[in-house]
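In this note's numbering, the protein residues as written are 11 to 458. Yeah, the Cβ is synthetic: ideal placement off N, Cα and C, and Gly gets one too.
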Ligand code: XIL
């Protein structure tokens with residue numbers, strides 16, 4: 011836990027907050043949305059369903075300006091086989107957006123999980139030797155083109171055109187390998203997820219796309235193609251590359267930075283880096299996953315912004331080990347407050363989305379056993395109780411000075427933690443500007 015230095019003070023403050031009762035002394039539950047609008051930031055959440063009922067709708071529409079389907083619009087939930095589409099989930103989400111005047115982030119096209127036939131190959135669930143399962147490179151690109159075209163076409167064609175409801179699209183999700191497992195020394199695209207049989211992928215996420223498209227020998231051009239295809243379907247769409255554990259400085263964030271620089275330099279239509287932000291307070295059972303550092307995040311956001319990209323916080327949750335107590339809740343509040351302040355102080359950070367509404371139904375409970383309580387609300391049944399974390403966001407929105415459009419703080423590279431060059435070799439210090447991290451690929455005139 012790097013963010014909170016004064017634990018004793020934190021505990022004392024936590025007790026006083028608890029004594030006061032959440033929400034009674036501090037703010038009204040409508041303040042989050044009101045303040046977000048005043049600050050010009052889109053504050054949203056992941057919705058597991060578009061029909062959660064009146065209580066959910068009330069809490070959601072009172073507090074948030076946007077939402078993202080937690081699962082409904084993933085490839086596998088839209089299409090179970092090539093050419094087979096089910097629009098129920100997508101349409102429900104679009105209806106929700108329209109009914110309540112909210113914008114929706116689309117999540118997600120190219121990913122290695124929840125992608126039905128992409129994950130399984132030709133046989134789609136029937137056991138076959140892996141090689142026999144595999145799509146050819148040409149087939150994989152065809153599926154990509156067809157799927158992205160079908161989805162964007164459907165939304166465009168629905169009710170006379172509903173593209174305006176989608177504020178941005180996650181086009182490629184999690185193409186970089188996990189920090190703990192990556193071996194950057196292989197080639198210029200070191201740190202990317204590889205295909206099957208490659209031991210650098212320590213988590214379950216081998217990249218089928220890398221395998222199908224021979225990404226390792228074709229410069230991971232499936233990523234270029236995904237963005238190009240999405241752009242061709244709607245030239246006004248804001249397109250996102252989204253990943254996790256790439257918020258602070260380190261191997262993975264350098265991989266992601268290098269990828270973004272290469273995409274921008276080659277004029278691939280990418281507009282936003284999505285920072286997922288699945289974080290923890292205190293010790294973690296998941297290796298490096300979720301380690302974060304405020305100063306490093308500021309530095310990392312600055313170098314991403316200097317590429318001319320916007321930044322969206324896309325899936326924030328901050329878990330801690332069970333059981334919950336007032337100290338942990340207060341530390342969590344501080345963490346939420348800090349990341350909101352970082353975002354507000356970075357003019358290119360325009361979206362702040364949390365990954366779910368209430369602790370009890372967060373994905374964390376099953377994904378990270380023993381951990382929980384990662385969100386802004388607790389409660390059960392029809393009760394949604396704002397947690398200290400919620401008031402942390404309120405406090406940040408209240409105290410951060412109003413964002414002046416176009417203004418930005420000093421863009422500096424603060425040496426903090428080890429730096430790595432594009433081949434993954436540790437450097438003595440962080441280079442002074444982005445161009446020295448990516449050889450010859452950053453335009454001389456960076457868009458600052
Ligand atoms: C998670 C959902 O929250 C779960 O309900 C589902 O079972 C698995 O996926 N990164 C992402 C999200 O991009 O799509 C993931 O969502 C969480 C990690």
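ask   = Does the distance from the C-beta atom of residue 182 to that of residue 233 stay below 8 angstroms?
value = Walking along the chain shown from the start, residue 182 turns up at place 172. Walking along the chain shown from the start, residue 233 turns up at place 223. Taking 8 angstroms as the Cβ cut-off, residue 182 and residue 233 qualify as a contacting pair.
message = Spatial neighbours of residue 258 within its chain, please: C-beta separation below 7 angstroms, excluding the five flanking residues on both sides.
response = Taking the chain shown and counting its residues from 1, one reaches residue 258 at position 248. Apart from sequence neighbours up to five positions away, the residues of its chain that approach residue 258 with a beta-carbon distance below 7 angstroms are 301, 302, 303, 306, 307 and 310, ordered along the chain.
inquiry  = Taking 8 angstroms as the threshold (C-beta atoms), are residue 240 and residue 158 in contact?
reply    = Translated into the one-based positions of the chain shown, residue 158 becomes position 148. Translated into the one-based positions of the chain shown, residue 240 becomes position 230. Cβ distance < 8 angstroms, so residue 158 and residue 240 count as in contact.
inquiry  = What would DSSP say about residue 207, mapped onto helix, strand or coil?
reply    = Residue numbering aside, residue 207 sits at position 197 when the chain shown is read from its first letter. Caution applies to residue 207, whose pLDDT of 44 falls short of 50 and renders its modelled position unreliable; the value that the coordinates give is listed next. Note: residue 207 maps to coil in three-state DSSP.
ask   = Below 8 angstroms, can you find three or more Cβ-Cβ pairs linking the segment 350-368 to the segment 323-335?
value = Put simply, the segment 350-368 touches the segment 323-335. At least three CB pairs are less than 8 angstroms apart.
Uninterrupted alpha helix (DSSP H) stretches inside the segment 72-123 (no shorter than 4 residues) = Entirely contained in the segment 72-123, the alpha helix (DSSP H) runs reaching 4 residues are, in chain order, 85-88 and 98-110.
query = CB of residue 465 to nearest heavy atom of the ligand XIL: below 7 angstroms?
reply = Residue 465 lies beyond the residue range present for the chain, which begins at 11 and ends at 458; the question has no answer from this structure.
query = Is the CB-CB distance between residue 279 and residue 345 below 8 angstroms?
reply = The count along the chain shown starts at 1 and reaches residue 279 at position 269. The count along the chain shown starts at 1 and reaches residue 345 at position 335. For residue 279 and residue 345, no; Cβs fall outside 8 angstroms.
Buried versus exposed call for residue 284 [16 or more other C-beta atoms within 10 Å across all chains shown] = Translated into positions along the chain shown, residue 284 becomes position 274. Answer is buried; the Cβ neighbour count reaches 16.
ask   = Would you say residue 72 and residue 354 are within 8 angstroms of each other, going by their C-beta atoms?
value = Translated into positions along the chain shown, residue 72 becomes position 62. Translated into positions along the chain shown, residue 354 becomes position 344. No, they are not a contact pair.
task = Can you grab the Cα-Cα spacing for the pair residue 395 / residue 385, in whole Å?
result = For the purposes of this step, residue 395 is identified with residue 385 of the chain shown, where counting begins at 1. For the purposes of this step, residue 385 is identified with residue 375 of the chain shown, where counting begins at 1. For the pair residue 395 and residue 385, the Cα-to-Cα distance works out to about 11 angstroms.
key: Three-way DSSP call (helix, strand, coil) for residue 343 in this model   = For the purposes of this step, residue 343 is taken as the residue at position 333 of the chain shown. Assigned with DSSP and collapsed to three states, residue 343 falls in helix.
ask   = Once you ignore the five residues that flank residue 387 on each side, which residues in its own chain have a CB closer than 8 angstroms to its CB?
value = What you label residue 387 is simply residue 377 of the chain shown in a count that begins at 1. If we look at residue 387 and ignore the five residues flanking it on each side, its Cβ neighbours are 69, 367, 368, 369, 394, 395, 396, 397 and 400.
message = Which runs of the alpha helix (DSSP H) at least 4 residues long sit entirely within the segment 367-404? Give them in chain order.
response = Taking only runs of at least 4 residues, the alpha helix (DSSP H) segments lying wholly in the segment 367-404 are 374-377.
query = Should the segment 52-64 be regarded as contacting the segment 328-341, the criterion being three or more beta carbon pairs within less than 8 angstroms?
reply = The segment 52-64, when compared against the segment 328-341, does not touch it at the 8 angstroms Cβ threshold.
task = Quick one: give me the first and last residue of the beta strand (DSSP E) that residue 325 is part of.
result = Counting from one through the chain shown, the residue named residue 325 turns up at place 315. Annotation for residue 325: the continuous beta strand (DSSP E) segment containing it runs 320-331.
request  = Pick helix, strand or coil for residue 460, following the three-state DSSP scheme.
outcome  = No statement about residue 460 is possible, as the shown extent of the chain runs from 11 to 458 and does not include it.
query = Which one or two residues does DSSP pair with residue 285 in a beta bridge?
reply = If you number the chain shown from 1, residue 285 lands on position 275. Answer is 253 and 323.
ask   = Is it buried or exposed for residue 187, if we count other Cβ within 10 angstroms and need 16 for buried?
value = Translated into the one-based positions of the chain shown, residue 187 becomes position 177. A buried status is given to residue 187, since no fewer than 16 other beta-carbon atoms sit within 10 Å of its beta-carbon.
Proximal residues to residue 270 (C-beta, below 8 angstroms), its chain only, five neighbours per side dropped = As a first step, residue 270 is located in the chain shown; it is residue number 260 there, counting from the start. For residue 270, where only same-chain residues beyond five positions count, the Cβ hits under 8 angstroms are 251, 280, 283, 314, 317 and 319.
request  = Give a yes or no on whether the minimum CB-CB distance between residue 379 and chain C is below 8 angstroms.
outcome  = Protein chains in the displayed structure number just one, and chain C is not present.
key: Backbone CA spacing between residue 99 and residue 180 [nearest angstrom]   = As a position in the chain shown, residue 99 is number 89, starting the count at 1. As a position in the chain shown, residue 180 is number 170, starting the count at 1. Answer to the nearest angstrom: the Cα atoms are 17 angstroms apart.
message = Under 7 angstroms: does the beta carbon of residue 375 sit that close to some heavy atom of the ligand XIL?
response = By 1-based counting over the chain shown, the position of residue 375 is 365. For the ligand XIL, not one heavy atom lies less than 7 angstroms from the Cβ of residue 375.
task = Excluding the 5 residues preceding and the 5 following residue 372 in the sequence, name in chain order all residues of the same chain whose CB lies nearer than 6 angstroms to its CB.
result = The residue you call residue 372 lines up with position 362 of the chain shown. Closer than 6 angstroms at Cβ, skipping near neighbours: 366, 384 and 385.
task = Answer yes if the segment 219-233 comes into contact with the segment 158-169, meaning at least three C-beta pairs across the two stretches below 8 angstroms, and no otherwise.
result = The segment 158-169 makes no contact with the segment 219-233; the number of CB pairs closer than 8 angstroms stays below 3.
query = Does the separation of the CB atoms of residue 184 and residue 254 fall below 8 angstroms?
reply = The residue labelled residue 184 in the question sits at position 174 within the chain shown. The residue labelled residue 254 in the question sits at position 244 within the chain shown. Yes, the Cβ-Cβ distance between residue 184 and residue 254 is below 8 angstroms.
message = Please determine whether the Cβ atom of residue 122 lies at a distance below 7 angstroms from any heavy atom of the ligand XIL.
response = On the chain shown, residue 122 is found 112 positions in, with the first residue counted as 1. The answer is no for residue 122.
ask   = What residues are listed by DSSP as bridge partners for residue 176?
value = Position 166 of the chain shown, counted from the first residue, corresponds to residue 176. DSSP, once it has assigned bridges, lists 114 as partnering residue 176.
message = Rounding to the nearest angstrom, what Cα-Cα distance links residue 212 and residue 262 in this structure?
response = Against the chain shown, residue 212 aligns to sequence position 202. Against the chain shown, residue 262 aligns to sequence position 252. Here residue 212 scores only 35 on pLDDT, less than 50, and its place in the model is too uncertain to base an answer on.
message = Measuring CB atoms only, is the segment 145-155 touching the segment 107-117, in the sense that at least three cross pairs come out at less than 8 angstroms?
response = As far as the Cβ criterion goes, the segment 145-155 does not touch the segment 107-117, which means the pair count is below three.
task = Pull up the distance between the alpha-carbon of residue 222 and that of residue 403, whole angstroms please.
result = To locate residue 222, count along the chain shown from 1; it is residue 212. To locate residue 403, count along the chain shown from 1; it is residue 393. Using only the alpha carbons, I get a separation of about 43 angstroms.
key: Residue of 130, 126 and 104 minimising C-alpha distance to residue 170   = As a first step, residue 170 must be located in the chain shown, where it is residue number 160. For the residues 130, 126 and 104, the minimum Cα distance to residue 170 belongs to 104.
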